[in-house]
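All residue numbers for the sequence shown refer to this note's numbering, where the first residue is 2 and numbers rise by one.
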Amino acid sequence: MKTIAELVAHYERRMTEIDGEIARLEQTPDSTNISNEVIDGWIVGWQKDRAICRDTISYLKTLERREVSA
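Given below as structure tokens:
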């Protein structure tokens, strides 16, 4: 089983990957066969995933603090 610190590190890496995906999508040229609306939808999806990672990290850090003070 992973430790809290390992889980936090995983979600932090995932946030970095998501930031890269969002940046890549934002630079998609208009000449592609994919509409801007579709790309915007994908970006919103990635932003939701990033928010989940952020909230999970916050929760795990709270658990870690409680574990240390117990």
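Even glycine gets a Cβ: it sits at the ideal position worked out from N, Cα and C.
Fair warning: this is a prediction, and the values are worked out from it, not measured in the lab.
query	result
Within 8 angstroms, strictly: CB atoms of Leu26 and Ile5	no
Among Ala52, Arg14 and Glu22, the one whose alpha carbon lies nearest that of Asp41	Glu22
When Arg51, Ser36 and Gln28 are compared against Thr17, the one with the closest alpha-carbon	Arg51
Reduced DSSP category for Asn34 - H, G, I as helix; E, B as strand; rest coil	coil
Straight-line Cα distance separating Trp47 from Glu38	14 angstroms
Boundaries of the alpha helix (DSSP H) in which Thr17 is found, first to last residue	Ile5 to Glu27
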